[in-house]
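Here the protein sequences line up with chains L and C, keeping their order.
Quick note: to get the working numbering, add 2 to the position in the first sequence (first position is 1).
Quick note: to get the working numbering, add 10 to the position in the second sequence (first position is 1).
Where a beta carbon is used, it is the ideal one built from N, C-alpha and C, also for glycine.
No experiment lies behind these values; they were computed from the predicted model shown.
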Amino acid sequence: DAGITQSPRHKVTETGTPVTLRCHQTENHRYMYWYRQDPGHGLRLIHYSYGVKDTDKGEVSDGYSVSRSKTEDFLLTLESATSSQTSVYFCAISDRVSQETQYFGPGTRLLVL
Amino acid sequence: QKEVEQDPGPLSVPEGAIVSLNCTYSNSAFQYFMWYRQYSRKGPELLMYTYSSGNKEDGRFTAQVDKSSKYISLFIRDSQPSDSATYLCAMSGGGTSYGKLTFGQGTILTVHP
Chain L
3 DAGITQSPRH KVTETGTPVT LRCHQTENHR YMYWYRQDPG HGLRLIHYSY
53 GVKDTDKGEV SDGYSVSRSK TEDFLLTLES ATSSQTSVYF CAISDRVSQE
103 TQYFGPGTRL LVL
Chain C
11 QKEVEQDPGP LSVPEGAIVS LNCTYSNSAF QYFMWYRQYS RKGPELLMYT
61 YSSGNKEDGR FTAQVDKSSK YISLFIRDSQ PSDSATYLCA MSGGGTSYGK
111 LTFGQGTILT VHP
């Protein structure tokens, strides 16, 4: 998985609980992305980062926030988890030369009860 | 209407068959076209990458892009059971889009011996 790890790999939480997912890369790539994958929707972009402390919203950003204080780490936070945020979350990275060529992590399966 | 439409299948073919996977899109700004393969419970992996219109071949895989029709295809020749996976098309506008990808819903392919 191109030097990308995600933690935790599985998580079960309750509605209203804050949750933070971590993406860690060892490739020194500039761009990082968070997607969610749901049946019938493919992958949808939540947030992305184009540099340290530089982030922006994607297609489905409501209820999510992100932070990137180091090149290698990109955190996704669900401030108050809802059942609609039950999903599989993927982190991806790409470099400055070929931003569209993205490499994905193994995913985090999140269940919100 | 979604920006990218992909027939979810499922598609089941015998080993050795030629497989055709397709996506249509509505955003004429898309310039980069990708195909990802995703095995069960894994992250997507990049299979083919094409810029603008034309064909690209890599072993048993051929990607075609017809920008005039807003239609892209992936052909798999001599399909193998190991090709059984979900195939996702993805597109990007390039330029200042920071590599943001828009995905189709994915097509589930099963190649049976």
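Quiz item: What is the rounded straight-line gap between the Cα of Glu74 (chain C) and the Cα of Gln11 (chain C)?
Solution: Taking the first residue of the second sequence as position 1, residue 74 (chain C) is located at position 64. Taking the first residue of the second sequence as position 1, residue 11 (chain C) is located at position 1. According to the sequence as given, residue 74 (chain C) is Gln; it is not Glu. Computed Cα separation, rounded: 23 Å.
Quiz item: In chain order, what residues of the same chain have a beta carbon less than 6 Å from the beta carbon of Tyr49 (chain C), not counting five sequence neighbours either side?
Solution: Counted from its first residue, the second sequence places residue 49 (chain C) at position 39. The residues are Ala95.
Self-check item: Helix, strand or coil at Asp93 (chain C) according to DSSP, with G and I counted as helix
Solution: What you label residue 93 (chain C) is simply residue 83 of the second sequence in a count that begins at 1. In the structure shown, Asp93 (chain C) sits in a helix (DSSP, three-state: H, G or I).
Quiz item: Which whole-angstrom value is the C-beta distance of Arg38 (chain L) and Val90 (chain L), which I expect to be below 8 Å?
Solution: Counting from one through the first sequence, the residue named residue 38 (chain L) turns up at place 36. Counting from one through the first sequence, the residue named residue 90 (chain L) turns up at place 88. Right, the Cβ-Cβ distance comes to about 7 Å (below 8 Å), so this counts as a contact.
Quiz item: In chain C, what lies closer than 7 Å to Phe76 (chain L) by C-beta?
Solution: Translated into positions along the first sequence, residue 76 (chain L) becomes position 74. Result: empty, since nearest Cβ-Cβ is about 14 Å, beyond 7 Å.
Practice problem: Using the DSSP secondary-structure output, state which residues sit across from Thr60 (chain C) in a beta bridge. | Solution: For this step, residue 60 (chain C) is matched to residue 50 along the second sequence. Paired residue(s): C:Phe43.
Exercise. Could you tell me whether the Cβ of His12 (chain L) comes closer than 8 Å to any Cβ of chain C?
Key: Residue mapping note: residue 12 (chain L) aligns to position 10 of the first sequence, counting from 1. Judged by the 8 Å Cβ criterion, His12 (chain L) is not in contact with chain C.
Practice problem: Scan the segment 54–81 of chain C for residues whose Cβ lies nearer than 8 Å to a Cβ of chain L and list them as they occur along the chain. | Solution: Cβ contacts with chain L come from Pro54, Glu55, Leu56 and Tyr59.
Quiz prompt | Amino acids of chain L, ordered along the chain, whose beta-carbon sits closer than 7 Å to that of Tyr97 (chain C) | solution = The residue given as residue 97 (chain C) occupies position 87 in the second sequence. In chain L, no part has a C-beta under 7 Å from the C-beta of Tyr97 (chain C); the shortest such distance is about 11 Å.
Quiz item: Can you name the residues that DSSP bridges to Ser82 (chain L)?
Solution: For the purposes of this step, residue 82 (chain L) is identified with residue 80 of the first sequence, where counting begins at 1. Note: Ser82 (chain L) sits in no beta bridge, so no partner.
Quiz item: Leu84 (chain C) versus chain L: which residues are under 7 Å apart at the beta carbon?
Solution: Indexing the second sequence from 1 puts residue 84 (chain C) at position 74. The contacting residues do not exist; Leu84 (chain C) stays about 15 Å from chain L at best.
Exercise. Measure the alpha-carbon distance for Asp76 (chain C) versus Tyr97 (chain C) and round it to whole angstroms.
Key: For this step, residue 76 (chain C) is matched to residue 66 along the second sequence. For this step, residue 97 (chain C) is matched to residue 87 along the second sequence. In a straight line, the C-alpha of Asp76 (chain C) is about 19 Å away from that of Tyr97 (chain C).
Practice problem: Can you say whether Tyr81 (chain C) is buried or exposed, counting buried as having 16 or more other CB atoms within 10 angstroms of its CB? | Solution: Your numbering for residue 81 (chain C) matches position 71 in the second sequence. By the 10 Å Cβ count, Tyr81 (chain C) comes out exposed.
Quiz item: Comparing alpha-carbon positions, which option in L:Asn30, L:Thr7, L:Thr17 and L:His31 lies nearest Leu23 (chain L)?
Solution: Position 21 of the first sequence, counted from the start, is the residue given in the question as residue 23 (chain L). With distances taken between CA atoms, Leu23 (chain L) lies nearest to L:Thr7 out of L:Asn30, L:Thr7, L:Thr17 and L:His31.
Self-check item: Residues near Gly64 (chain C) by beta carbon distance below 7 Å, same chain, minus five either side
Solution: As a first step, residue 64 (chain C) must be located in the second sequence, where it is residue number 54. Excluding sequence neighbours, Gly64 (chain C) sits near Val75.
Self-check item: Sequence-distant residues of the same chain with beta carbon closer than 6 Å to Asn32 (chain C), five excluded per side
Solution: Along the second sequence, read from residue 1 onward, the residue named residue 32 (chain C) stands at position 22. Close CB contacts of Asn32 (chain C) within its chain, under the 6 Å cut and outside five residues either way in sequence, are with Ser83 (chain order).
Exercise. Assuming Glu67 (chain C) and Ser36 (chain C) form a contact by the criterion Cβ under 8 Å, report the distance between their Cβ atoms to the nearest whole angstrom.
Key: Counting from one through the second sequence, the residue named residue 67 (chain C) turns up at place 57. Counting from one through the second sequence, the residue named residue 36 (chain C) turns up at place 26. Contact doesn't hold; Cβ gap of about 27 Å is too wide.
Quiz item: Can you tell me where the beta strand (DSSP E) with Gln101 (chain L) in it begins and where it stops?
Solution: The residue you call residue 101 (chain L) lines up with position 99 of the first sequence. Where Gln101 (chain L) is concerned, there is no enclosing beta strand (DSSP E), given that its DSSP letter is neither H nor E.
Quiz prompt | Where Gln27 (chain L) falls: helix, strand or coil (DSSP) | solution = Here the question's residue 27 (chain L) lines up with position 25 in the first sequence. DSSP, reduced to helix, strand and coil, places Gln27 (chain L) within a strand of the structure shown.
Exercise. Tell me whether Thr84 (chain L) counts as near the ligand COA, meaning its Cβ is closer than 7 Å to at least one heavy atom of that ligand.
Key: In the structure on display, the ligand COA does not appear, and there are no ligands present to speak of.
Practice problem: Closer than 6 Å by C-beta to Ser22 (chain C): which residues in its own chain qualify, once you throw out the five before and the five after it? Chain order, please. | Solution: By 1-based counting over the second sequence, the position of residue 22 (chain C) is 12. Within the same chain, Cβ atoms closer than 6 Å to the Cβ of Ser22 (chain C) are found at Thr120, the five residues on either side in sequence being excluded.
Practice problem: Leaving out five residues on either side along the sequence, give the residues of the same chain with a beta carbon under 6 Å from the beta carbon of Gln120 (chain L). | Solution: Since the first and last residues shown for chain L are 3 and 115, residue 120 (chain L) lies out of range.
Quiz prompt | Cβ neighbours of Gln115 (chain C) in the same chain (closer than 6 Å, five flanking residues each side left out) | solution = Within the second sequence, the letter at position 105 stands for residue 115 (chain C). So the list reads Gln16 and Pro18, once near-sequence residues are dropped.
Quiz item: Along chain L, which residues have their Cβ under 7 Å away from the Cβ of Gly109 (chain C)?
Solution: Along the second sequence, read from residue 1 onward, the residue named residue 109 (chain C) stands at position 99. Under the 7 Å cutoff, chain L gives Tyr33, Ser96, Gln101, Glu102 and Gln104.
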